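A short write-up of the structure that comes next.
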Amino acid sequence: MTPRQTAERVASLPTERTLTDALPQSPGLLSSEMPSEYFDQDRKPADFFERMRPTFNVESEWLSAAGEVGIFSYGAKMNVPTYPIFGPPPPLIQLGFSQTQFWETGNQHLPNHLSDFTFGVSWVRRLNDRWTLRMMTNAAFASDGDNTSGDAWQFRGDVFAIYSRDPQWIWTVGVLALGRNDLPAVPAIGLIWQPSEQVMLDLILPRPRLRVLLRDGETRQQWGYVGGGFSGGTWAYQQSDGSDDQVTYGDWRLVIGWESVPHVKPGVPFQRGRKLGIEAGYSFARDIEFDSQRPTIDLGETFLLRTTLTF
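Just so we're aligned, residue 100 is where the sequence shown starts under the working numbering, counting upward by one.
See the structure below:
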């Protein structure tokens, strides 16, 4: 694997808190979008405005009501390349918004609408032929709109060191800051193994996946995958008596999905172009926790459906 291919694959590593991005990528939703042309230092500059064109990601997720609570979330992200002052690839400015809605069949007194606004910067730098560094930092404002205290502000981000000396193996070590009260950060120690052009095993939290190439057309590829992981998020909200509180949702999940992406070279999954994805799964070990003395709400297992569009 060439240094360019390694860097491109690194750009697609996960950075989600996962509920708002999936509920998230929910803290969210989905990863940074890095056009592959930025990695080609030998390529003559194309149209400047084309290189600076932002990319957009739209996602939605639905979890059926179980244990008296259902959840629906949707969101959008914009990734804007900056001028590559230090050479390609350039830092990316990231803007995001998501909305999470709880609906109750009982009387749990949960906030109806929770918003999530994010602003951040990400950067991928190749240190040498074997080592690459990826950094991302995000400031997030997660609230019901009534509790605007300091509890609504969160720090999210990641730092990855990536090592690759073999075309089939990529090793990662680092940390993910999720912004969740119950899970502030998790280690990012894992690997990506691609034994062939048709199979890729991604063992990196929060969304490990086994991907299989279903169809390789002239212009597009169709991938199927199975996987697991966790999702969740924390928001500030105001209780019915006017007191400030925080609510945290969390779950574990098993999923199966399909993706349609522009045709790319083996080992280079990150390209400009329209990407479509549909995911269905089983969500379990679900609960809703509070920062106050309110008791934890345990939720039953449920079905989930998630859709994504990137362009």
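We put the CB at the ideal spot given by N, CA and C, even for glycine. It should be emphasised that the depicted structure is a prediction, and the values quoted were computed from it without experimental measurement.
- Remark: three or more beta-carbon pairs, one from each stretch, lie closer than 8 Å, so the stretch 324 to 333 and the stretch 276 to 288 are flagged as touching.
- The beta-carbon separation of V360 and G326, rounded to 16 Å, does not stay under the 8 Å limit for a contact.
- For N206, the number of other beta carbons within 10 angstroms of its own is below 16, and it is reported as exposed.
- DSSP lists D350 as the beta-bridge partner residues of S330.
- Beta bridge pairing from DSSP links D340 with no other residue.
- Inclusion of S214 and Q198 in the CB contact set at 7 Å is warranted, their separation being smaller than that value.
- Following the DSSP letters along the chain, one finds F155 inside the beta strand (DSSP E) bounded by residues T154 to A165.
- Three or more Cβ pairs closer than 8 Å define a contact, and the stretch 305 to 321 falls short of that threshold against the stretch 210 to 225.
- In the three-state reduction of the DSSP assignment, A251 falls in the helix class, which pools H, G and I.
- Annotation for Q198: the continuous beta strand (DSSP E) segment containing it runs L191 to E203.
- Apart from sequence neighbours up to five positions away, the residues of its chain that approach H212 with a beta-carbon distance below 8 Å are Q198, T199, Q200, D243 and G244, ordered along the chain.
- Taking H362 as the centre and dropping the five residues before and after it, the same chain places the C-beta of D315, G316, E317, T318, R319 and Q320 closer than 8 Å to its C-beta, in chain order.
- By the Cβ neighbour-count rule, F185 is exposed, with fewer than 16 other Cβ atoms within 10 Å of its own.
- Non-local C-beta neighbours of R264 in its own chain, meaning closer than 7 Å and more than five positions away in sequence, comprise R229, ordered along the chain.
- According to the DSSP assignment, A276 belongs to the beta strand (DSSP E) that extends over W268 to A276.
- Shown here, S359 sits in a strand according to DSSP, grouped into three states.
- With a cutoff of 7 Å on beta-carbon distance, E388 and G356 are scored as not near each other.
- If you look at Y381, you'll find it in the beta strand (DSSP E) that goes K374 to F389.
- At a Cβ-Cβ threshold of 7 Å, Y336 and N246 count as neighbours.
- Where I291 is concerned, the enclosing beta strand (DSSP E) starts and stops at G289 to S295.
- Under the 10 Å beta carbon count, W322 is surrounded by 16 or more other beta carbons and is classified as buried.
- Rounded to the nearest angstrom, the gap between the Cα atoms of W268 and L232 is 16 Å.
- E203 and V272 have their C-alpha atoms roughly 40 Å apart.
- Buried is the label assigned to G219, since at least 16 other Cβ atoms lie within 10 Å of its Cβ.
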